[in-house]
Structure formats: structure tokens, C-alpha cells
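*Asks:* A single structure is presented below for examination.
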Amino acid sequence: MHDGQEAALPLGASLPDGARFVGSAPTLPPGWRPGDAPTEDDLALCVACGLCLPHCPTYLLTGEESASPRGRIAAMREVAAGRAEVGPTFARFMDLCLACRACEDVCPSHVPFGRLMEGSRAQIEPLRSRRERLVRWVGLDVILRRGWLTSLAARLRPIALPFVSRRTRALLPRATSGGRVQRVTEPAGEPRGTVALLTGCVQDRWYRPANRATARVLARNGWRVLVPRAQGCCGAIHAHHGRLDSARALGRRNVRAFAEADLVIVGAAGCGAHLRELGDLLDDDGARAFASKVRDLMAFLHDEGIEPPSANPGVERVAYHDACHALRVQAIREEPRELLRSIPGLDVVEIPEGDRCCGAAGLYAVTQPETADELQRRKVEAIASTGARVVASANPGCTMQLVAGLRAMGADVEVVHPVELLDRAYAAEEPRFEGPQQG
Ligand code: SF4
Ligand code: SF4
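So the number in the working numbering is just where the residue sits in the sequence shown, counting from 1, plus 3.
Written out as C-alpha cells, the structure is:
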């Protein structure tokens with residue numbers, strides 16, 4: 004215990020009746036450890052009104068205050084006040100959070116819950132077992148930080164499969180074949196402008212067709228598309244899982260890689276949401292300038308306008324899946340739906356309770372199997388109820404989760420990025436222009 008601090012009490016001991024925390028007795032010094040942590044200013048914003056509770060998937064599943072945004076913030080405040088420790092109980096409360104940010108979206112006090120959770124997870128990281136830390140270091144800091152290693156890992160999937168858990172095996176997609184997206188894709192005529200494309204790590208190794216479709220659709224609509232080769236993983240998954248220094252290093256790398264770009268287009272919702280907040284994480288003007296250039300692909304196409312496709316790609320009905328980091332963090336809802344509705348003969352249908360997280364949430368699908376499975380089951384059953392044979396999902400983590408869930412229930416439903424449907428619709432048109440030039 005530090006000088007002048009009170010003895011540690013169990014989390015929630017100072018809360019009013021009804022705010023129930025279940026956990027072990029404290030064994031560590033109370034208060035935050037040195038390093039990244041939630042700030043007093045951010046914590047002070049919560050007025051404990053509880054308006055976020057009905058929107059929180061983990062509260063709805065458990066009915067426990069400790070699994071709600073308000074309960075998690077109360078736990079953080081207990082630690083911040085030096086009345087509780089960053090111990091296993093605290094870690095359990097935080098780890099069950101999906102970081103979906105539904106709470107932040109509806110909070111009248113604008114509590115930056117995502118930032119609070121990132122600080123809390125950074126505090127928890129040293130508590131993890133040696134094995135957990137080793138696995139995270141290899142996966143996040145060794146493999147994802149190096150594009151060539153990510154590609155190699157994707158190619159080695161068949162060899163690695165026997166050594167990974169059944170859950171991971173179910174989630175891992177097959178690596179996509181074919182070359183990378185060209186460094187430059189030219190439109191057919193005079194460009195409207197030039198954009199730079201973030202191809203991502205998981206998206207580019209496992210869902211490369213979506214990136215290729217992105218370049219074609221942008222070029223089809225008059226944009227010159229550049230793919231800076233010095234770019235890397237955006238660092239979102241590192242930030243969400245408490246590895247903030249790694250996220251900062253990756254952020255700086257991308258700020259440098261896109262220094263010449265006027266606009267940075269991102270097709271993966273999780274990456275876009277993270278990069279648009281990079282100024283907060285790096286806390287410098289360069290990062291803030293970079294963040295102001297980042298645009299979500301579907302929002303960009305919608306806002307700048309596209310030439311509506313004149314043909315249907317052989318799909319009558321598509322269910323649109325809202326990724327939390329598009330809907331909740333970037334307030335993107337109507338833009339992708341309107342773009343898809345521009346495809347002739349395509350009916351865009353809503354997924355019941357579509358604003359609920361699918362349970363993917365970065366590593367969550369592997370680390371919190373019970374909650375992730377339940378949310379996945381509810382989501383794929385809701386998708387199946389729409390009768391759509393195609394789902395549009397603009398986030399690779401959600402796509403993995405949906406594919407695995409739909410496969411497990413034996414549903415014959417294809418999951419694609421919405422831009423792939425636009426691309427297919429253009430491809431289905433009568434040839435009437437000289438396609439984009441790649442070089
Ligand atoms: S996070 Fe926001 S909505 Fe939730 S209890 Fe606090 S102030 Fe209310
Ligand atoms: S981020 Fe999602 S799971 Fe976590 S407290 Fe907020 S609503 Fe609940």
C-alpha cells in the first residue's frame with residue numbers, strides 16, 4: 004500500500020445497495036499502476052444515470068451491474084480513488100466488456116467509454132499469465148506488426164490449424180489468393196481527385212477481394228487510388244487489448260506512410276474508427292492532422308456521390324450488418340444502405356436487433372467464448388430470419404464471426420463487404436467504358 008492511502012476494500016464496497024460486485028478480496032496495492040490509465044476528467048463525466056444500461060450487450064445478457072457501463076465506470080473510480088486494486092476481479096469486469104461503445108453512443112454526458120476501457124485494459128495487461136502475454140506478444144506485436152509475417156501466417160494456415168484451438172480454427176478464414184492491390188489505380192478519365200487506401204492487416208491478408216473491389220469502385224467513380232507500401236496494421240486491436248505503446252508505434256508509422264495523402268480511405272470499420280481517434284492516442288498535431296483525413300469508404304462514396312450501377316449482380320436481397328465501430332463510433336448508418344439501394348433490384352433488409360454487437364470484438368470471440376457464442380448465435384439467427392442469402396459486413400472481425408456462426412448453424416448465407424456488391428453490380432453492366440487502369 005502507498006503512503007497516505009486507505010486500506011483496499013473489495014470493489015464496490017462503497018457503492019449504494021443494489022450495486023453488486025462479486026469478487027475476491029484485495030491482495031494488491033489499491034490505485035492505478037504506473038502507466039496508461041483512465042483519467043480523472045474522463046471518469047468524472049459519468050453521472051451514473053444508467054441510460055446506457057439497456058444498450059449494453061453484456062448487461063442485457065447478465066443483468067449484473069458489474070457487467071454494465073455504469074458498473075465498470077464505478078469500478079474504475081474505486082481504483083482511481085485508491086479504494087480498490089487492479090486485480091483479477093477488476094480484470095474480469097473489464098474483460099467481459101466488448102468495447103462495442105454502444106454505451107458511449109447513447110450517453111448524454113458524452114463519457115468517452117472507449118478511452119476509459121483502453122486505459123483500464125492497459126492496467127490489466129501485466130496481470131495476465133505468462134502464457135497469455137506470450138501469445139498476445141507473438142500474435143499482436145510480432146505477426147500483425149509485420150506485413151510479410153502476417154502474409155506468411157495466412158499462407159501457413161493449413162499447417163497451423165492442428166495447433167490452434169477449435170474456436171480459433173472455426174474463426175480463421177482461408178487466406179485469399181492473388182496479388183496485392185496495385186500501388187496505383189487510375190480512373191478511366193480525368194480524376195476527380197486522388198485518395199490513399201489503407202488496406203489493413205487482417206483485411207488485406209484474408210479479405211483481399213474487398214480491397215481490390217474498393218480500388219475498382221473508387222476508380223470507377225473517378226478517383227485515382229494510391230496504396231502507400233509503407234503502411235501497416237492500424238493498431239486498433241492493440242489499443243483495444245491494452246497494448247497502447249504498440250498501438251502508438253503503429254499509429255506513428257501510418258502517419259508517416261500517409262503524410263502525402265489528402266484523404267485516407269478505410270474500408271474496415273474498426274480500423275477507420277481507431278484511426279479517426281489517433282489524435283487522442285498520440286496527442287500530437289501530426290496525428291490530429293492525419294486523423295482529420297481519414298474517411299470511411301462507404302461514407303465517402305455516399306457523400307461524394309457514385310454513378311448508380313445499371314445492373315443487378317444476381318442478388319435480390321441483402322441483410323446489412325452494422326459493425327459497432329461504424330454505427331456507434333462513426334455514426335454511419337444510412338450511407339451504406341443507400342449505396343446498396345442504388346443497385347437495381349436489390350432489396351436491403353434490416354436484421355432484427357441489428358444494433359447489437361455480434362460478439363466478435365477483436366480477440367473477444369476467443370477470450371470470452373460464452374458471451375461471444377451467445378451474441379453470435381442471436382445475430383446469425385436474426386440474419387437467418389430475414390431470408391437473405393447475402394449479408395453485407397464492412398468489418399473483417401464481424402465477417403469472421405458471422406461466417407463461423409452461419410456455418411455452424413448450417414445456413415447457406417454469403418458474407419461480403421458492401422463494396423463487393425457495388426463492384427459486382429458494375430461488373431454485371433454491359434461493357435461501356437474502358438475500365439480503370441492499374442499500374
Ligand atoms: S456512462 Fe453515460 S449513460 Fe451511462 S451511466 Fe454514465 S453518464 Fe449515464
Ligand atoms: S462498450 Fe459495449 S459491452 Fe462495454 S460497457 Fe459499453 S455497451 Fe457494454
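Heads up, the beta-carbon is just placed ideally off N, CA and C, and yes, glycines get one too.
No experiment lies behind these values; they were computed from the predicted model shown.
1. Using a Cβ-Cβ cut-off of 6 Å (strictly less than) and excluding sequence neighbours within five positions of C204, which residues of its own chain qualify?
2. Count the other CB atoms, across all protein chains shown, that sit within 10 Å of the CB of A216; report buried if there are 16 or more and exposed otherwise.
3. Using the Cβ count rule (16 or more neighbours within 10 Å means buried), how would you classify W140?
4. Determine the DSSP secondary structure at T42, reduced to helix, strand or coil.
5. Going by beta carbon distance, what residues of the same chain come within less than 6 Å of A218, once the five residues before and after it are set aside?
6. Please give me, in chain order, every unbroken run of the alpha helix (DSSP H) with length at least 4 that falls completely inside the region 309 to 391.
7. Let me confirm a value: A368 is counted as buried when at least 16 other C-beta atoms fall within 10 Å, else exposed. Which label applies?
8. So the beta strand (DSSP E) G245 belongs to, where does it begin and stop?
9. Are there 16 or more other CB atoms within 10 angstroms of the CB of W151, so buried, or fewer, so exposed?
10. Are at least three pairs of beta-carbons, each pair with one atom in the region 323 to 342 and one in the region 254 to 270, less than 8 Å apart?
11. State the Cα-Cα distance for the pair A290 and V352, rounded to the nearest angstrom.
12. By DSSP, does A262 sit in helix, in strand, or in coil?
13. With distances taken Cα to Cα, identify the nearest neighbour of E417 among A326, D358, Y429 and R320.
14. Could you give the distance in angstroms between the alpha-carbon of E433 and the alpha-carbon of M403?
15. With a threshold of 8 Å, are at least 3 pairs of Cβ atoms found where one atom belongs to the region 350 to 366 and the other to the region 299 to 315?
16. How long is the line joining the alpha carbons of H328 and R104, rounded to whole angstroms?
17. Tell me the DSSP secondary structure of G117 in three-state form.
18. Relative to the C-alpha of G117, which residue among L54, P421, M412 and L281 is closest?
19. Kindly examine ligand 1 and report whether one of its heavy atoms sits closer than 7 Å to the Cβ of S168.
20. How long is the line joining the alpha carbons of G90 and D45, rounded to whole angstroms?
21. Drop a sphere of 10 angstroms on the beta-carbon of G122, count the other beta-carbons inside from all chains shown, and report buried for 16 or more, exposed for fewer.
22. Where does G66 fall in DSSP's three states?
23. Kindly list the residues whose CB is nearer than 7 Å to the CB of E423, restricted to its own chain and excluding five residues on each side of it in sequence; keep chain order.
24. Would you mind working out which of A40, D350 and E128 sits nearest D80, comparing C-alpha positions?
25. Please state whether the Cβ-Cβ distance between L174 and A407 is less than 8 Å.
26. Please name the residue in R73, C59, R36 and P60 whose C-alpha comes closest to that of C52.
27. For ligand 1, is there a heavy atom less than 7 Å away from the beta-carbon of A102?
28. Opposite L200 in the DSSP bridges: which residues?
29. Around the Cβ of L200, are there at least 16 other Cβ atoms within 10 angstroms (buried) or fewer (exposed)?
30. Quick one: what's P33 bridged to in DSSP?
31. If the criterion is Cβ atoms closer than 8 Å, does the pair C360 and L101 meet it?
32. Apply the 10 Å Cβ neighbour rule to H196 and answer buried if 16 or more other Cβ atoms are within range, or exposed otherwise.
33. Looking at the structure shown, is D287 part of a helix, part of a strand, or coil, going by DSSP?
34. State yes or no: is the C-beta of L266 within less than 8 Å of the C-beta of V220?
35. If D358 sits next to D325, beta carbons under 8 Å apart, how far is it from one beta carbon to the other, in whole angstroms?
36. Apply the 10 Å Cβ neighbour rule to D426 and answer buried if 16 or more other Cβ atoms are within range, or exposed otherwise.
*Replies:* The answer reads as follows:
1. L147, T153 and C236, listed in sequence order.
2. buried
3. exposed
4. T42: coil per DSSP, three-state reduction.
5. V184, T188 and V228
6. 327 to 330, 337 to 344, 367 to 370 and 372 to 389
7. buried
8. That residue, G245, is in no beta strand (DSSP E); it is neither H nor E in DSSP.
9. exposed
10. Fewer than three pairs of CB atoms, one per stretch, sit closer than 8 Å, so the region 323 to 342 makes no contact with the region 254 to 270.
11. 38 Å
12. coil
13. The option with the nearest alpha carbon to E417 is R320.
14. 33 Å
15. Cβ pair count under 8 Å is below three, so no.
16. Cα-Cα distance, rounded: 8 Å.
17. helix
18. L281
19. For S168, the shortest separation between its Cβ and any heavy atom of ligand 1 does not lie below 7 Å.
20. Taking the straight line from one Cα to the other gives about 21 Å.
21. buried
22. coil
23. Leaving aside the five residues that flank E423 on each side, the residues in its chain whose CB is nearer than 7 Å to its CB run, in chain order, P212, A213 and A216.
24. In the sequence as presented, Asp is not what sits at residue 80; that position holds Arg. Residue A40 is the option with its Cα nearest to R80.
25. yes
26. R73
27. no
28. I268
29. buried
30. E88
31. yes
32. The sequence as given places Gly at residue 196; His does not occur at that position. So G196 counts as exposed.
33. coil
34. no
35. Rounded to the nearest angstrom, the Cβ distance from D358 to D325 is 6 Å, consistent with a contact under 8 Å.
36. buried
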